Structures are given as structure tokens and as C-alpha cells.
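If you read the sequence shown in our numbering, its first letter stands for residue -3, the second for the next number, and so on.
Glycine included, each C-beta is placed from N, C-alpha and C at the ideal position.
For clarity, every value in this text was computed on a predicted model and none was experimentally measured.
See below for the structure under consideration.
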Amino acid sequence: MKLNNDKALVVFSGGQDSTTCMFHALKHYQEVELVTFSYGQRHALEIEVATNIAAEQGLKHHVLDMSLLSQLSPNALTDHSMAIEDGDIPNTFVPARNLLFMSFAAALAYQIGAKHIITGVCETDFSGYPDCRDIFIKSLNVTVNLAMDEDFVIHTPLMWLDKKETWQLADELGQLDYVRFKTLTCYEGIMADGCGECPSCQLRKAGLEAYLAERGTK
Ligand code: ZN
């Protein structure tokens, strides 16, 4: 089929990174749609936040049921009885999660005719997830193109940015406050600046403080 070169599908969780990617996409593509994966997140609030942002931006939002993931491994993102711990590979790890998500995103992109697929994965603040690395995304891009005989382009605008630079990108897109106050990144399910204590909040907060300090001196 003929893919639309002006159309992008953004893999969207309602968090800081993917919301920044959404604004990046809105700047670069005429048509933008969002896809969110539902897989028993610790907080159904995550889906709600994503849905609200999509509605606010007037964007078509696809929510795909990936609850089968919880059958593959017990982990702290889906099993509420487990605490989230940091380690070499954090126990929030679901084997091959991003492989599955990106494959489904590509299948959806085919259905809606979007040539561009945008994901906020990042290698800089290396999360320990091997299927979020640049080499994996490049490999997957080749694979989905061969699988569907298409020429999708997977974009990773945050791949080499640290959290401070991701805040800077949101600011350059004119959306610093929107991303800061309307997104959900916290593992405890607290909006905006979050609980301030979980690994996700600590990373987000350190990046924001570093960026605001730098911006203040310009
Ligand atoms: Zn938190």
C-alpha cells in the first residue's frame, strides 16, 4: 500500500517522554495519531491520562489491549504486590515488551497508512531495557519493513538526549508547562511532579531541576 509520508503514529503512554514526542510529531507531520498499550499497568490512571491528552490535542487515539503480557512474566509494573527495585536490569523489566509493542505499532501504522512511527525510547539514561537500545530499534525497523514489504521509518527523537535535554526539547516546542503538569511518569501514579521518590520521579526531577537552573542563567 502507499504509506502517507505526512502521517505519523506516536507510541504514547501519557508520560513526559512520549508527550514530548507527540509535540515533536505535531511540529513535523500534518497528520498524527497516538497508540497506547494497555497491559495491566500499575495504574489505570496511565490510560486515562493518555486518553485525556489525546482528546485535548484532538488526536485519534488507539488503545490496544496487550494484557497477554502479564502472562509472560510477573513483574513490578503489573504485579502490584511487588516493590519496584533498581538493579542492572530493573524488576520492571518485561522480556521483549518493546519488541511486542513496536511490532504492534508497525502493524497499526500499516492499517492507518502512516509511514512514520515515533517512539520515546532513550539509550542515554540507560534503563537496562535491551529492546530500547538504538541498535535494536534499527534492527526492528528493517524487520517490520521486510515483514510487511513497506518502508516505515521509526524515529527516536529522544534516543541520545538525557532527561535535562528532553525537558529542553519540550521547552523548545513551547510545551514545557504542558509536559510538566499534564503528564504521568511516577510509579506511584501521582501526576505532574509525582511522588518525588520513586526511580522514575528522581530521574525526571533531577533533569527538570538541571534544566531550569541552566535556563535561569541564560
Ligand atoms: Zn514517583
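* **Cα-Cα separation, residue 159 to residue 58** => Within the sequence shown, numbered from 1, the residue matching residue 159 stands at position 163. Within the sequence shown, numbered from 1, the residue matching residue 58 stands at position 62. About 27 Å.
* Asked: Where residue -3 and residue 103 are concerned, what is the direct C-alpha to C-alpha distance, given to the nearest angstrom?
  -> On the sequence shown, residue -3 is found 1 positions in, with the first residue counted as 1. On the sequence shown, residue 103 is found 107 positions in, with the first residue counted as 1. Distance between the alpha carbons of residue -3 and residue 103 is about 13 Å.
* To do: When you get a sec, list the residues whose CB is within less than 7 Å of any heavy atom of ligand 1, chain order please.
  => That gives 182, 183, 184, 186, 190, 191, 192, 193, 194, 196 and 197.
* Asked: Is the number of C-beta pairs between the region 146 to 161 and the region 6 to 19 that are closer than 8 Å three or more?
  -> With a cut-off of 8 Å, the region 6 to 19 and the region 146 to 161 count as touching, because enough Cβ pairs lie within range.
* Asked: Would you call the region 109 to 121 and the region 37 to 49 touching, i.e. three or more CB-CB distances under 8 Å?
  -> Result no; under three Cβ-Cβ pairs closer than 8 Å.
* Find out if the Cβ-Cβ distance for the pair residue 34, residue 2 is shorter than 7 Å. => To locate residue 34, count along the sequence shown from 1; it is residue 38. To locate residue 2, count along the sequence shown from 1; it is residue 6. In this structure, residue 2 does not lie closer than 7 Å to residue 34 by Cβ.
* May I have the straight-line CA-CA distance separating residue 175 from residue 138, to the nearest angstrom? => As a working note, residue 175 is residue 179 in the sequence shown. As a working note, residue 138 is residue 142 in the sequence shown. Each residue's Cα considered, the two are about 32 Å apart.
* To do: Specify the secondary structure class of residue -2 as computed by DSSP and reduced to three states.
  => Taking the sequence shown and counting its residues from 1, one reaches residue -2 at position 2. In the three-state reduction of the DSSP assignment, residue -2 falls in the coil class, being assigned neither a helical nor a strand state.
* Assign residue 67 to one of two classes, buried (16 or more other C-beta atoms within 10 Å of its C-beta) or exposed (fewer than that). => Along the sequence shown, one-based indexing puts residue 67 at 71. Within 10 angstroms of the beta-carbon of residue 67 lie fewer than 16 other beta-carbons, which makes it exposed.
* Asked: How many Å lie between residue 199 and residue 190 at the Cα?
  -> Counting from 1 along the sequence shown, the entry for residue 199 is found at position 203. Counting from 1 along the sequence shown, the entry for residue 190 is found at position 194. The alpha-carbon atoms of residue 199 and residue 190 are separated by roughly 11 Å.
* Asked: How long is the line joining the alpha carbons of residue 146 and residue 4, rounded to whole angstroms?
  -> Sequence index remark: in the sequence shown, residue 146 carries index 150 (1-based). Sequence index remark: in the sequence shown, residue 4 carries index 8 (1-based). Our two residues, residue 146 and residue 4, have alpha carbons roughly 15 Å apart in a direct line.
* Asked: Residue range of the alpha helix (DSSP H) that residue 51 falls in?
  -> For the purposes of this step, residue 51 is taken as residue 55 along the sequence shown, with counting starting at 1. Residue 51 -> alpha helix (DSSP H) spans 41 to 53.
* In three-state DSSP terms, what is residue 8? -> Here the question's residue 8 lines up with position 12 in the sequence shown. The answer is coil: DSSP assigns residue 8 none of H, G, I, E or B.
* Given residue 9, which residues of its chain have a CB within under 7 Å of its CB, disregarding the five upstream and five downstream residues? -> Stepping through the sequence shown from its first residue, residue 9 is reached at position 13. Here the set comprises 32, 42 and 46.
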